[in-house]
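Protein sequences, first through last, are from chains A and B.
Going by my numbering, 88 is the number at position 88 of the first sequence; the sequence numbering is gapless.
Going by my numbering, 1017 is the number at position 17 of the second sequence; the sequence numbering is gapless.
Beta carbons are placed, not taken as given, at the ideal position from N, Cα and C, and that holds for glycine.
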Amino acid sequence: MSRPGADILREAKKGSAELVILALLEDTPRHGYDLAARIESDSDGALAYNFASLYATLYKLEERGWIQGRWVEKAGQRRRRYYKLTAAGATMLGHQRQEWKQFVAALGRLAGISFA
Amino acid sequence: MNDWQRRVRRYVDTRRLDLGDEVIEELAAHLEDAWQARPVGSAGDADAFAVDALQRADVPALVRRRAATAPPPVPEPSSSSVLKGLASEARHTLRLLRRAPGFTAAVTVVLALGIGATTAAFQLVYSALLAPLPYPDADRLVMVWEHHIARNQPRNVLNPGNYFAWSERSTSLETTGVFNVAVGNLSGAGLVPEEIRGLAVEPAVLAMAGARPIAGRVFAAADGAPGAAQTLIISDGLWQRRFGGSADAVGRAVVFNGEPATIVGILPSTFELVGRRADFWRPAVIPPEARTNFRGRSIMALAKLRAGVSPAAAQQELSTIFADLVREHPDFNTGWTLNVVPLREQLTSDTRPALWVLFGAVVAVLLIACANVAALLLVRATGRRHEMAVKISLGARPMHLARQLFLETAMLVGAGGLLGAGLARVLTRVVSATARDAGVPVLGDGALGGAALAFAVGATALTAIACSLGPVLRARRVSINESLREGGRGGVGSRQRLRGWLVAGEVAAAMLILAGAALLGRSYLALQDVPPGFTASHVLTARGWRIGSEAQSTSVTFARQVIDRARTLPGVTAASATAFLPLDGNPGIGSSFVLADRPEPAPGEKPIADYRPVMPGYFATLQIPVREGRDFTDADVEGRPRVAIVNETFVRLLSADVSPIGRRLADSLGETQEIVGVVGDVTLNSLGGERRPAIYLPFAQLPIGALTFVVRTSGDPAVMGPSFAAAVREVDPNQPVSDIRPLDAVVAKSLTRPRVASAALGLFAGAALLLAIVGVYGVVAYGVSQRQPEFGVRLALGARRQDIMRMVVRQSMWLVGGGAVAGALLAVPATRALRSLLYGVLPGDPLTLGAVALLVVGAGALASSLPAWRGTAVDPMSALRAE
């Protein structure tokens, strides 16, 4: 089923989920579906998490205290659970960004990948 | 439980997966959203969709999580993490701002202009009025003047005899020194002759002023002794310009006023004595007979109070001493006293009102800018109420939100402040130069000082607080339910009212500054229209002041020869000369006189006239009408009967409009003249000044003063300059010719101060009006956007677009009109501060205020109609539907 190299991508995508979610929550709180839709649209379909693993990641981040979820009810709509980035999460986001940058740079040097 | 939650529950129950209720609810919501997001026209069954999605998802990986009743533990912030938190908040804020580039740019620019202008104005005010004077013990330095009480002349130059008497008798003065304005002809040592301006000073004066030479020395007592060799101190500027900054300038021999002189020292160009810069300083030589000279007043004196003595105490003592002098010399001193003026007051009293007015105007503009920015921020905060409400419902504390809003405002204002400080640096240099031209005693070289920078920082901080107050206070009171339910739409009502008040305030402030600017503008125009009494066009002027005793004795011959030569130049229709050119800033000679056939007035009540020595043909050259009698001729020379020509004011005031021809005058030096002519009035000292009696004498009979040639040509006088200078050189190659310029330019320069004042205030008035209009536009545009549904209803009920527009404009005109009225009412007392700068118009002039109010109201109407027109282009149906 997989193309050569697809395994690598699958693992890389799994590892990037946290960074992606934290980054998307940086500007404004979002609920789960909003996150999923943004991830798919902003990455032009390159990244797409099945929704259960998305929520698993969300709950994991919440247990670590990097995001915080609250139920919000709007008039005329069912209530939704919005997640927002905490201060600790913001810090962690900074770290993760740094690490990913270094990782990608190292990949570039070792595997001859360059970016425009 | 809704359908979707049922579907999810059914799925997990059949697989015995233990998911909590809330997880199920969350997944159900997700599935419902996904279902509704399918492309239009997709077929499908919701149940199957749910099962399919749940099967493809890794549901068993979802562990049952703890019911989140308590907020997750937030890590204890250590100091470094607090800082990091702040830094990340700052970065976050930066990102937010970058996403609204228009808003950010607008706010930053408005603030930069406001803070920059205010800082520059503060620098000017500070350096002119507040900065410590650059002299040691500056608060003990005073100028002493003679004060003619009846004529209201509190700062008259001193008489030498009086000076020696009171300076020696006084115990409250530690040091005194005499100085005077001086002109010199510098030549020799290979230099082209040049007329330079400077001061004659006693050594004590330089010492009191703390003069520190950058090379050589200052004067010693020996330099001023009668008969001593002539010594000179030159300025740094002159040193660079004429001596190339060479190290051997000190000690160099030059020719000064026809006599050999030695340069002994160089002072910095920025050294100022009582607000006067100079190219040179020479010792003031006081001859012994000066002690008994009780005729004529001509010198100035600087004094230092003894430690612990107040200016008031010194004033009292000197007044008492002078009362004795009045008794000792009643003819000369009756009606006079002494006036002690602290140096700071001496330098600033003229310009203080104008500077504070300017500063007030600039601060008002900054406040307007703040109001605009605050209103903009309020609108932005309104638009983010939904976001705020969500954040609060998700656990953010209102204080945290407030801090975030403040941070945002602070960063905007900080950026504006930085830009503004940079702008201020540029502005201060320009403003200082302009101010100096206009006669404002600006200390220093116009660089932005520490005080001004501190002011900029303070102004920025206050602005940040002022601008963020509105949004921050609102953030703390956000009602969550209300905000969320409205979906983020801002309320009309109180916030709109606040904006309305802000804008009305802006309009009032703009009105105030405009009123001031309009009054100054009218004054300037009125001054321009004042007929000077002569025809300034097509006349070239050039000064060929003969300085030095050798030179002076040949003044008359020199003048005659130059005039004869000038008359032969092509295009010249007339030429002559005068000792003091009208309106060129030199106050000339004023002296008391008596009419010989009248009883001598009581001492101190003699009339004063401006004395002006002129060459024959002067009146014709300047086209000053000769009303009666004759002009001077070449026969009116030394040794022949002394004659005089008077002006119309003289006739009106002193001759009861009876022809004065044939009557005799006696001046304060005892010379008598016969009046042979009457000429039209001329504004001698300033266009707005009072007309005084003037007495013209033949230059040949009184060859003193700054001899200035006037040459009327049929063409452009400016191009004649070189040929005239050449003509002078043919007569005397050692005579410097200076200030070669058309008479038009002289007249225009005399109006520099009112021109600069009205231009400066006009600039600020324009900025204030612009900001106020922007404010009005913003309020109306915003209000209209909020009232779209209402307009839709009205349109649907049959109202026309024009009716709605008229309603909107009318409502906004209440704001504008109210602001204009408030501003006009404030302007009546406020413009009194401009009284000393006005000419031909009174403060609070109703015509001017009315015109300005019309302008403001008209601008406000325009600013309201545009958004009203745009905003009422509503489709009733869509407006109603949106409701």
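- Chain order gives the chain B residues near A/Ser53 as Ala1057, Asp1058 and Ala1061, where near means a beta carbon separation below 8 Å.
- DSSP places A/Tyr83 inside the beta strand (DSSP E), whose first and last residues are Arg80 to Leu85.
- Among the residues of chain A, those whose CB is under 7 Å from the CB of B/Asp1033 are Tyr33, following chain order.
- Our two residues, B/Asn1734 and B/Ala1284, have alpha carbons roughly 24 Å apart in a direct line.
- By the CB criterion at 8 Å, B/Val1264 and B/Gly1188 fall outside the cutoff.
- When B/Ala1824, B/Thr1351, B/Ala1374 and B/Arg1712 are compared, the shortest CA-CA separation from B/Gln1623 is found for B/Arg1712.
- By the criterion of a C-beta distance shorter than 7 Å, B/Asn1586 is surrounded in its chain by Phe1580 and Ala1706, once the five residues flanking it on both sides are discounted.
- B/Val1643 is a Cβ neighbour of B/Asp1636, given a cutoff of 8 Å.
- At a cut-off of 8 Å between C-beta atoms, B/Leu1027 counts as an interface residue with respect to chain A.
- Look at B/Gly1449: its C-beta is not under 8 Å from any C-beta on chain A.
- About 7 Å separates the CB atoms of B/Ala1694 and B/Phe1650; that is less than 8 Å, so the two are in contact.
- Distances from the alpha-carbon of B/Phe1271 to those of B/Glu1289, B/Val1780 and B/Ala1209 put B/Ala1209 closest.
- Between B/Asn1002 and chain A, the shortest Cβ-Cβ separation is below 8 Å.
- When DSSP states are grouped into helix, strand and coil, B/Phe1294 belongs to the coil group.
- Residue pairing by DSSP places B/Lys1304 opposite B/Leu1141 and B/Thr1175 in a beta bridge.
- Beta-bridge pairing by DSSP links B/Asn1156 to B/Glu1146.
- Using a Cβ distance threshold of 8 Å, B/Gln1240 and B/Leu1448 do not count as a contacting pair.
- A distance of 8 Å or more separates the beta carbons of B/Gly1458 and B/Ala1112.
- Counting only the Cα atoms, B/Val1539 lies some 29 Å from B/Leu1838.
- Sixteen is the threshold: since fewer than 16 other Cβ atoms of the shown chains lie within 10 Å of the Cβ of B/Ser1549, the residue is exposed.
- Cβ contact annotation for A/Val20 (same chain, cutoff 7 Å, sequence separation greater than five): Ile39 and Leu47, in chain order.
- Taking a contact to require three or more Cβ pairs closer than 8 Å, the segment 1528 to 1548 of chain B and the segment 1842 to 1858 of chain B do not qualify as touching.
- Nearest Cα to B/Val1676 within the set B/Phe1709, B/Gly1629 and B/Leu1761: B/Gly1629.
- Residues of chain B with a Cβ closer than 7 Å to the Cβ of A/Gly94 are, in chain order, Ser1088.
- Where B/Pro1342 is concerned, the enclosing beta strand (DSSP E) starts and stops at Trp1336 to Pro1342.
- Contact of A/Ala87 with chain B is assigned, a C-beta pair being separated by under 8 Å.
- Interface residue (Cβ-Cβ distance to chain A less than 8 Å): B/Gly1044 is not classified as such.
- DSSP places B/Asp1636 in the coil class of the three-state scheme, outside both helix and strand.
- Assigned with DSSP and collapsed to three states, B/Pro1603 falls in coil, not helix or strand.
- When the beta-carbon positions are compared, B/Val1646 and B/Val1678 come within less than 8 Å of each other.
- By DSSP's assignment, B/Leu1273 forms a beta bridge with B/Arg1276.
- Straight-line measurement puts the Cα of B/Leu1855 at about 29 Å from the Cα of B/Gln1786.
- B/Tyr1696 carries a strand assignment under DSSP once its states are collapsed to helix, strand and coil.
- CA-to-CA, the gap between B/Pro1616 and B/Pro1154 works out to about 36 Å.
- Taken in chain order, the complete alpha helix (DSSP H) segments of 4 or more residues contained in the segment 1766 to 1791 of chain B number zero; there are none.
- Below the 9 Å Cβ cutoff, chain A contributes no neighbours of B/Glu1408, its closest Cβ being approximately 13 Å away.
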